[in-house]
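In this note's numbering, the protein residues as written are -16 to 154. In what follows, a single structure is set out as structure tokens and then discussed.
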């Protein structure tokens, strides 16, 4: 027979990235638990925001997961951030806002992002979209590209002209 091993519980994590603290609950982890691969891109976003001379009153972090993009945007001077995800990340985002003394600067909305965008009348100064992969293989490339086009067109309706639209993707 094969050797048997005891299964160790996955611990909760505290991650520090670009000076921002995150609590990642083992119950909410996806894949490795935290999408650290975008840390450089999030740092670039903060740099762009620091140089941006337009308004930064309202921000939107779509497909927010733990709120990494939105927290970085707050760190770059955005005054108020709305985090939207279909998963229940309200506790995680509230905890992460609190860890960074930003509790009053953000709130979470649990919704399907595509449906939520359709209901929006407000225009945002900073919109960040980092959706999950629309395709895991080359076979579905055209369908994935169509999904991204649909998403990006809808984002153009809610970002204020002359503002920042940041798009990430893992496809």
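Heads up, the beta-carbon is just placed ideally off N, CA and C, and yes, glycines get one too.
Rounded separation between residue 102 and residue 49 - CA only:
23 angstroms
Suppose the cutoff is 6 angstroms on Cβ atoms and the five residues either side in sequence are ignored; what does the same chain contact list for residue 41 look like?
63, 107 and 108
Which residue's Cα is closest to the Cα of residue 113: 24, 3, -6 and -15?
24
Straight-line gap, residue -16 to residue 8 (C-alpha atoms, nearest Å):
35 angstroms
Taking only runs of the beta strand (DSSP E) that begin and end inside the segment 39 to 117, which ones reach a length of at least 3 residues, in chain order?
41 to 45, 63 to 68, 89 to 93 and 107 to 112
What number of angstroms, rounded off, separates the C-alpha of residue 132 from the C-alpha of residue -5?
36 angstroms
Here's the rule I'm using: 16 or more other beta-carbon atoms within 10 Å means buried, otherwise exposed. How should residue -1 be labelled?
exposed
Work out the CA separation of residue 4 and residue 83 for me, nearest whole Å.
6 angstroms
Coil, strand or helix - residue 155 by DSSP:
In the structure displayed, the chain extends from -16 to 154; residue 155 sits before or after that span and is not available.
Opposite residue -2 in the DSSP bridges: which residues?
5
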